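Participant:
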Amino acid sequence: MTPRRAKPSIVAEQLTLDYLDDVLSENPGELIKLPIAKEDIGGELIAILSQGLYTNPLDCLREYVQNAVDADAGSVTLKVTGNSVIIMDDGDGMGLDDILDARRFGLSGKWLMQHVGFRGIGIYSGFDLCRRLRITSTKRGEESANILVFEFADMRAQLNGERQAQAGDAEKTSLIDLLSEHTKIGRDPSPEPADSHYTIVELQDISDMHIALLSDRGKLRQYLLQNLPIDFTSTFPHRQEINQQLSRHVPSYHAVAITLQSDGIEDEVVSKYPDVSVQRPQFGYITSGDRQVAYYWAALTAEEEAIEPRRRPGEIAQYEGLVYKMKGFTVGGRDRLARMFSRKPQLYRWISGEVYVLDPEVIPNAARDDFETNHAKERLEVALLEAFDTQLLAEVERYQARSVASRRIEEAGVDIEQIEQELAGTAAKTRFPNNFERYSRVSTILEQLKRQKKAATHEDQKTADAIIARAKSLQRKLTGEAASPTPEATRRKRAARKPTPPIPLDLPSTSPRTIRDVLQEAGWSVDGDLGEFISLIQAALEDVLLAGGPQYRNFLSALEARIADASSAR
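Add 2 to the 1-based position in the sequence shown for my numbering, that's all there is to it.
#1: Have a look at Thr261 and Arg351 and give me their C-alpha separation to the nearest angstrom.
#2: If you draw a straight line from the alpha carbon of Val25 to that of Pro37, how long is it in whole angstroms?
#3: Sort Arg338, Val151, Thr432 by Cα distance to Gln420 and report the nearest one.
#4: Less than 8 Å between the C-beta atoms of Gly95 and Lys141, yes or no?
#5: Shortest alpha-carbon distance to Pro253 belongs to which of Met328, Ala414, Val528?
#6: Considering only heavy atoms of the ligand ZN, does any lie closer than 7 Å to the CB of Val82?
#7: Which runs of the alpha helix (DSSP H) spanning at least 4 residues fall entirely within the stretch 322-393, listed in chain order?
#8: Cβ of Ala560 within 8 Å of Cβ of Arg453?
#9: When you compare the CB positions of Ala296 and Val203, do they come within less than 8 Å of one another, or not?
#10: Which runs of the beta strand (DSSP E) fall wholly inside the stretch 45-112 and span at least 3 residues, in chain order?
#11: So, Ile208 versus Asn58, is the Cβ gap smaller than 8 Å?
#12: Helix or strand or just coil, what does DSSP make of Ser236?
#13: First and last residue of the alpha helix (DSSP H) that includes Phe154?
#14: In whole angstroms, what is the alpha-carbon distance linking Ala407 and Phe535?
#15: Tell me which residues share the same chain as Pro552 and place their Cβ nearer than 6 Å to its Cβ, disregarding the 5 neighbours each side in the sequence.
#16: Grab the span of the alpha helix (DSSP H) containing Arg433 for me, first residue to last.
#17: May I ask you to list the residues that DSSP assigns as paired with Gln263?
#18: When you compare each of Ala457, Ile187, Leu394 to Leu339 by their alpha carbons, which one comes out closest?
#19: Using C-beta distances below 8 Å, list every residue in its chain close to Ile517, excluding the 5 sequence neighbours before and after it, in chain order.
#20: Along the alpha helix (DSSP H) that carries Tyr225, what are the first and last residues, could you check?
#21: In chain order, what residues of the same chain have a beta carbon less than 6 Å from the beta carbon of Ala378, not counting five sequence neighbours either side?
#22: Taking DSSP as the reference, what is the three-state secondary structure of Pro552?
#23: Could you tell me the distance, in whole angstroms, from the CA atom of Ala75 to the CA atom of Tyr21?
#24: For Leu387, collect the residues of the same chain with a Cβ closer than 7 Å to its Cβ; drop the 5 residues on either side in sequence, then sort them by chain order.
#25: Measuring only the C-alpha atoms, how far is Asn437 from Asp467?
#26: Exposed or buried, what is Pro366 when buried is set at 16 or more other beta-carbons lying within 10 Å of its beta-carbon?
#27: Quick check: what's the CA-CA separation for Arg105 versus Leu226?
#28: Would you call Pro276 buried or exposed, if buried means 16 or more other Cβ atoms sit within 10 Å of its Cβ?
#29: I need the DSSP call for Thr446, collapsed to helix, strand or coil.
#30: Check Val398 in the structure and name its three-state DSSP category.
#31: Do you know how far the Cα of Leu248 is from the Cα of Arg158?
#32: Identify whether Gly291 lies in helix, strand or coil by the three-state DSSP scheme.
#33: At the level of alpha carbons, what is the spacing between Glu65 and Gln281?
#34: Looking at C-beta atoms only, is the number of pairs between the stretch 330-337 and the stretch 224-240 that lie closer than 8 Å three or more?
#35: Kindly give me the distance between the Cβ atoms of Tyr200 and Met90, rounded to whole angstroms, as I take these residues to be in contact under 8 Å.
#36: Please tell me whether Thr138 and Ile149 are closer than 8 Å, where the distance is taken between their beta carbons.
Put into structure tokens, the structure is as follows:
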């Protein structure tokens, strides 16, 4: 009997096809570890990843600035000069061991909740963008700076040559061999001060097509604002409070100042929330059970209207609504959180803020336009929906209702004043042609104010009470006029004895309200096709009813009441 051969120790070098066939035959039914050799991972992987993950050249800048933020940089400078882009930061910098770690592919020692760049591929994001990537860095205590150079153009040329060769005619380069052949390291001969610390990333010899996009100051600014942890503008009144709260409650949060430099263009410091007027923000944790999954700040508009006008129908404005952040970097756009307001979508435009994800199990995808689909993402979204529906949305509803009530009370006061002057014969211009029209408007005002008082502030309620008293007095006077009308000649004589008051400079417009006004005041967006449809209905209504007449106003009042009832019932 032939003794059974002992099971061999299987290593990569032993796994020739014939040998593997023998091992499998001798171990039927068993699964055997299959080691991967360096030749099994082709150099094409770097091209596939860079082209697939970084389709926008601006995404490359995001990756390199992200590394600066992870290094605790306080300021970053982006300089576009000639056909190169230089990114300079005052972060911790890198010693020799750090710079060697930086060039590792798909390996990163960064902790997820402290650093956004944790996948270990961002340093290669410029592979398809520039001819050469040069990184110069030093940290405190180092005598000189270290230099790491990637010859991306040479890598691409080698891969292109292999693609063009006939199948089987050229050996395919492994990823390890490709990077080893075209990556160089050196040391700057110039001495560095002992306290020096910085990193300079140079993307050299960028293609004309890509440099044109990177040189567009407007597009570059917009991209940075949307995707990087930019600090608030110095004139934003809530800057200090928001930064303090985020620094206290969001691990490793800090905003950076980014300066843009370009040939022939004045330097610019990019900042967010310029010319945006909001009330003092509210802050809070988003919790799921006993787990804190996010921290947010949100602020209501201070102008009693949408945060910003939309440039195009259906488009979310730059600071409208809420946006996901992870250590300051944006994940997705502001449209992603709009569905949290699905019960009252029209109110999303009245608020602005940011949601900082704290749950380490919620992970952004490689493109950073969403989170990876898992239970943690679902848990976050459910917690947000519950919190916003019971807290934030309710607050926006109350504020919007107060704003509408304030406008209605102000409009009522103007109309009551007008009717009083018309009855006294002192009105500069007649808006209500007869007592029937006047009585109808007074009745509508009384009905509206009773409803609007519920949502009004204490001061507006007192104003409404005074207007209601005047309106009731007018009703009695108009009823008396109907029973015993004053002769027109007598009315004219009384008016002639009274001095005509000067016409106020801020005389209110006499244009009647429209369906569009009612919907917008209720917080609805009437852009695009809906806006055109509303205009058609308005035109048809004016064909049937006199614009501004009693029936017309009654229709708008009924519409407003229906909208209010529907809102309170939802």
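Where is the CB? At the ideal position from N, CA and C, for every residue including glycine.
Just so it is clear, the structure is predicted and the values come from calculations on it, not from any experiment.
Facilitator: Let's see:
#1: It is roughly 30 Å from the alpha-carbon of Thr261 to the alpha-carbon of Arg351.
#2: Val25 and Pro37 have their alpha carbons spaced roughly 14 Å apart.
#3: Distance check between Gln420 and each of Arg338, Val151, Thr432 places Thr432 closest, using alpha-carbon atoms only.
#4: Result yes, Cβ atoms of Gly95 and Lys141 sit closer than 8 Å.
#5: Put simply, of Met328, Ala414, Val528 the residue whose alpha carbon is nearest the alpha carbon of Pro253 is Met328.
#6: Among the components of this structure there are no ligands whatsoever, and the ligand ZN is therefore not found.
#7: For the stretch 322-393, whole alpha helix (DSSP H) runs of length 4 or above, ordered along the chain, are 377-389.
#8: Going by C-beta atoms, Ala560 is not nearer than 8 Å to Arg453.
#9: The answer is no: Cβ separation not under 8 Å.
#10: Complete beta strand (DSSP E) runs here, min 3: 77-83, 86-91.
#11: The answer is no: Cβ separation not under 8 Å.
#12: If DSSP states are grouped into helix, strand and coil, Ser236 belongs with coil.
#13: Here the alpha helix (DSSP H) through Phe154 covers 154-166.
#14: Ala407 and Phe535 have their C-alpha atoms roughly 27 Å apart.
#15: The beta carbon of Pro552 lies closer than 6 Å to those of Ser442 in the same chain, with the five residues before and after it left out.
#16: Per DSSP, Arg433 lies in no alpha helix (DSSP H) and is assigned neither H nor E.
#17: According to DSSP, which records beta bridges pairwise, Gln263 is partnered with Lys81.
#18: For Leu339, the closest C-alpha among the options Ala457, Ile187, Leu394 is that of Leu394.
#19: Its chain contains Ile536, Ile539, Gln540, Leu543, Leu558, Leu561 as the residues whose beta carbon lies nearer than 8 Å to that of Ile517, once the 5 sequence neighbours on both sides are disregarded; these appear in chain order.
#20: Annotation: the continuous alpha helix (DSSP H) that includes Tyr225 extends over 219-229.
#21: The answer, listed in chain order, is Asp361, Glu363, Val364.
#22: Of the three classes helix, strand and coil, the one that applies to Pro552 here is helix, per DSSP.
#23: Whole-angstrom Cα-Cα distance: 54 Å.
#24: Shown here for Leu387: same chain residues with a beta carbon closer than 7 Å to its own, the five before and five after excluded, namely Met342 in chain order.
#25: Their backbone Cα atoms lie some 23 Å apart in a straight line.
#26: By the neighbour-count rule (16 or more Cβ atoms within 10 Å), Pro366 is buried.
#27: Computed Cα separation, rounded: 25 Å.
#28: Within a 10 Å sphere around the beta-carbon of Pro276 sit fewer than 16 other beta-carbons, which makes this residue exposed.
#29: Three-state DSSP puts Thr446 in a helix.
#30: Reduced to three states, the DSSP call for Val398 is helix.
#31: Using only the alpha carbons, I get a separation of about 43 Å.
#32: Coil.
#33: So the alpha carbons of these two residues sit roughly 34 Å apart.
#34: Contact between the stretch 330-337 and the stretch 224-240 is established, with three or more Cβ pairs separated by less than 8 Å.
#35: Contact flag correct, Cβ pair sits at about 7 Å.
#36: For Thr138 and Ile149, yes; Cβs fall inside 8 Å.
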